[in-house]
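S.K.: In mature numbering (1 follows the signal peptide of the UniProt record, and there is no 0), the protein residues as written are -18 to -1, 1 to 237. C-beta atoms are modelled at their ideal positions from N, C-alpha and C, and glycine is treated no differently. Quick caveat, the model's predicted, so the values are computed rather than measured.
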Amino acid sequence: MKWFVAICWLIPVLPLWSNVSMQSAEIIAGARAAVASEAAIESFVTLQIEGQIVPADAALPVAKVYIVARRPMSQRVEIHMDDLIETTILNGRQGCLLRSNSSDRTSRHMRLLNPHELATITGSTREIFAFFIPDRANGETVEYRGIEQRLGERVHHLVYRYPDGRETVRFFSVTDFRLVSLMTADGLERVDVGEQLVGGIRFPLEIDYYQLGEKLHTMQLLQVRVNKPLKEGAFAFPKPPQKRQPGESGAAAAP
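#1: Note down the Cα distance separating Gly182 from Ala15, rounded to an integer number of angstroms.
#2: Out of curiosity, what's the CA-to-CA distance linking Leu95 and Leu79?
#3: Give me the Cβ distance between Pro220 and Met92, rounded to the nearest whole Å; I'm assuming they're in contact under 8 Å.
#4: Looking at the secondary structure, which residues open and close the alpha helix (DSSP H) in which Arg14 lies?
#5: In chain order, what are the residue ranges of uninterrupted beta strand (DSSP E) at least 3 long that sit wholly in the segment 8 to 74?
#6: Would DSSP call Gly77 helix, strand or coil?
#7: Using CA coordinates, which residue listed in Phe114, Leu164, Ala218 is at the minimum distance from Ile9?
#8: Count the other CB atoms within 10 Å of the CB of His98; is the residue buried (16 or more) or exposed (fewer)?
#9: Which partner residues of Lys197 appear in the DSSP bridge assignment?
#10: So, helix, strand or coil for Gly105, using DSSP?
#11: Can you tell me whether Ile129 is buried or exposed? The criterion is at least 16 other CB atoms within 10 Å of its CB, across all chains shown.
#12: Considering only residues of the segment 124 to 157, which uninterrupted alpha helix (DSSP H) runs meet the minimum length of 4 residues and lie entirely inside it, listed in chain order?
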């Protein structure tokens, strides 16, 4: 499917990016319009995804994944593999990791995210709602590297970079501004496959992940919900189990 961008989309968007060249800004504006209208982007507040992660190695188990995100900076990611559940929660500037076992409710370990983990989920949460606009508040810039071939297509090569050296490379189709590929500094590449339209926004049907050219796994987006009510406490940190006082029995006291 071809997605075309009208020049009118550029007018309200370009003045916002003083740290982006006119050429890069036009490409980003086209990429945003290829995904959704500006009205749909502005009204996008919550996202819920139910999916599964299918490893490239058939000998490995398939994992279920549940993602809940709320603008501007809240996200909950649950990964279920057999009885094991790993939950990562971001609530504003804080995040935690919870590991539990569905067959043993007493088996639960929670800790705060380390700086790298917190930066990772913060970045992914921002990316959900930013639609390719750089993180200007934290000094992220965009550099245009020209046109090249990628995955059989002619693409625009854009490098997003933070002052501390973190960078992400995005390749947008010359033909219709689709995001063809995204690559992180550590060589992890993401390639969207197919499309589904939900709430006026285009989402992939699947996302393939590669490391140094070797396929790792595919994330299948089985159900996507946009701007639907979230469960209360979706981003609340679980309370740590209370320690028993010396001599206290396991039986609950009668009210």
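M.R.: The structure says:
#1: In a straight line, the C-alpha of Gly182 is about 11 Å away from that of Ala15.
#2: The C-alpha of Leu79 is placed about 6 Å away from the C-alpha of Leu95.
#3: Here Pro220 really is in contact with Met92; their C-beta atoms are around 6 Å apart, less than 8 Å.
#4: It spans 4 to 17 - the alpha helix (DSSP H) in which Arg14 sits, taken as one unbroken run.
#5: Counting only runs of 3 or more, we get 28 to 37, 45 to 52, 56 to 63, 66 to 73.
#6: Of the three classes helix, strand and coil, the one that applies to Gly77 here is strand, per DSSP.
#7: Of Phe114, Leu164, Ala218, the residue nearest in Cα terms is Phe114.
#8: A residue is called buried when at least 16 other Cβ atoms come within 10 angstroms of its Cβ; His98 does not meet this threshold and is exposed.
#9: DSSP output for Lys197 lists Tyr192 as bridge partner(s).
#10: Residue state, collapsed to three classes: helix.
#11: Label assigned to Ile129: exposed.
#12: As far as the segment 124 to 157 is concerned, it has no whole alpha helix (DSSP H) run of at least 4 residues.
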